[in-house]
Amino acid sequence: MKNKKLKASFLLDAFTSFGLVITLILLFFPFIINQHQQYRNELDIAEMNRIILISLNRFKYDELKEGVEIANFSVKYNYEKICAFDKKTKKRHCIQK
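For the sequence shown, position 41 matches number 95 in our numbering, and the numbering has no gaps at all.
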């Protein structure tokens with residue numbers, strides 16, 4: 055009889071541990087995914103800022119008004135702002151003057 059109680063205790067302990075692990079995963083997994091998405095967005099914005107700075111350094115304002123293509127980005131200057139558009143991810147980032 056002692057042997058049967060011991061097996062039940064191991065089974066109960068295993069279910070409790072499994073439930074605890076699943077609960078922790080379900081709580082933290084969405085948080086980790088959200089953090090990763092925010093990190094990717096910040097990297098995309100930094101890349102677009104870099105492209106804007108490169109285009110301001112290499113091209114004249116008249117060329118930027120018509121629009122220039124750098125790698126997968128399109129940069130265009132309007133009277134108040136300069137915008138970079140990523141063709142691959144379809145994201146847009148603008149800097150105002």
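No residue lacks a Cβ here, since even glycine has one placed at the ideal position from N, Cα and C.
Decide if residue i is buried, meaning its Cβ has at least 16 other Cβ atoms within 10 Å, or exposed.
{"i": "Ala125", "result": "exposed"}
{"i": "Phe127", "result": "buried"}
{"i": "Ser71", "result": "exposed"}
{"i": "Asn132", "result": "exposed"}
With 8 Å as the threshold, decide whether the Cβ of residue i is near any Cβ in chain B.
{"i": "Ile99", "result": "The chain inventory of the structure shown lacks chain B, comprising one protein chain alone."}
Helix or strand or just coil, what does DSSP make of residue i?
{"i": "Tyr133", "result": "coil"}
{"i": "Phe83", "result": "helix"}
Considering just the uninterrupted stretch of the alpha helix (DSSP H) at residue i, what are its terminal residues?
{"i": "Lys141", "result": "From DSSP, Lys141 is part of no alpha helix (DSSP H); its letter is neither H nor E."}
{"i": "Lys119", "result": "115-120"}
Give the single residue among the options whose Cα lies nearest to the Cα of residue i.
{"i": "Thr143", "options": "Phe82, Pro84, Arg94", "result": "Arg94"}
{"i": "Lys119", "options": "Cys137, Ser63, Met102, Asn103", "result": "Cys137"}
{"i": "Phe139", "options": "Gly73, Asn103, Phe64", "result": "Asn103"}
With distances taken between CB atoms, is the gap from residue i to residue j smaller than 8 Å?
{"i": "Lys114", "j": "Gly121", "result": "no"}
{"i": "Lys145", "j": "Asp98", "result": "yes"}
{"i": "Ile149", "j": "Ile105", "result": "no"}
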